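According to the working numbering, the sequence shown is numbered sequentially starting from 3.
Note that CB positions come from ideal geometry on N, CA and C, so glycine has one too.
Just so you know, these numbers come straight off a predicted model, no measurement behind them.
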Amino acid sequence: MWILIRAILLRVEEEYGGIPITNLSIEGNSLEEVAVHCKMLEDAGLVTSCGINYADNGIHSFSVGGLTWDGAEYLDKIRDDSLWEKTKTIARERGVPLVFDAVKEISSKLVSAATEGAVNAVLRSGGMM
3 MWILIRAILL
13 RVEEEYGGIP
23 ITNLSIEGNS
33 LEEVAVHCKM
43 LEDAGLVTSC
53 GINYADNGIH
63 SFSVGGLTWD
73 GAEYLDKIRD
83 DSLWEKTKTI
93 ARERGVPLVF
103 DAVKEISSKL
113 VSAATEGAVN
123 AVLRSGGMM
């Protein structure tokens with residue numbers, strides 16, 4: 003699930019140009035899977051909108067809007083491949099399920115630790131010039 007959610011957030015950031023993206027395609031996932039996960043992202047407040055059109059007992063088409071402020075901040079925490087892998091590894095090692103709050107908490111702590119390390123390195127070198 004999280005591989006798809008991360009892929010959707012990355013693609014929405016890349017493709018959104020002011021109008022909703024229609025039938026966003028993510029390799030290896032069906033239209034229905036992507037649409038349902040986009041709706042979940044809307045419900046979580048990470049994308050601005052998700053409209054789904056149904057026909058013949060299934061999803062016919064869907065559209066998704068851009069990232070919200072929270073969505074952009076969340077993506078920034080899971081964008082980097084190495085931080086993303088560390089997030090998944092920490093969760094797996096601690097037996098924590100990859101649910102929204104856990105991913106957010108772990109990735110936030112990793113970003114904070116990386117930021118603190120960078121700031122300390124700058125301070126040790128005499129500050130920014």
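- Val49 is positioned such that its CB atom lies no closer than 8 Å to that of Gly20.
- Take Ser65, set aside five residues on each side of it, and the residues of its chain with a beta-carbon closer than 6 Å to its own are Pro22, Thr24, Gly53, in chain order.
- Closest in C-alpha terms to Ala116, from the list Ser127, Gly97, Lys88, Asp103, comes Lys88.
- Under the 10 Å beta carbon count, Val105 is surrounded by 16 or more other beta carbons and is classified as buried.
- Uninterrupted alpha helix (DSSP H) stretches at least 4 residues long and entirely within the region 52-107 occur at 71-80, 83-96, given in chain order.
- Per the coordinates, the alpha-carbon of Ala9 lies some 14 Å from the alpha-carbon of Tyr18.
- Between the alpha carbons of Ser32 and Ser110 lies a gap of roughly 30 Å.
- Excluding residues up to 5 positions away in sequence, Thr89, Ile92, Ala93 lie with their Cβ nearer than 7 Å to the Cβ of Ile108 in the same chain.
- Excluding its 5 nearest sequence neighbours in each direction, Ser63 has C-beta neighbours in its own chain below 7 Å: Thr24, Asn25, Asn55, listed in chain order.
- Trp86 and Ile80 do touch by the CB rule: their CB atoms are close to 5 Å apart, below 8 Å.
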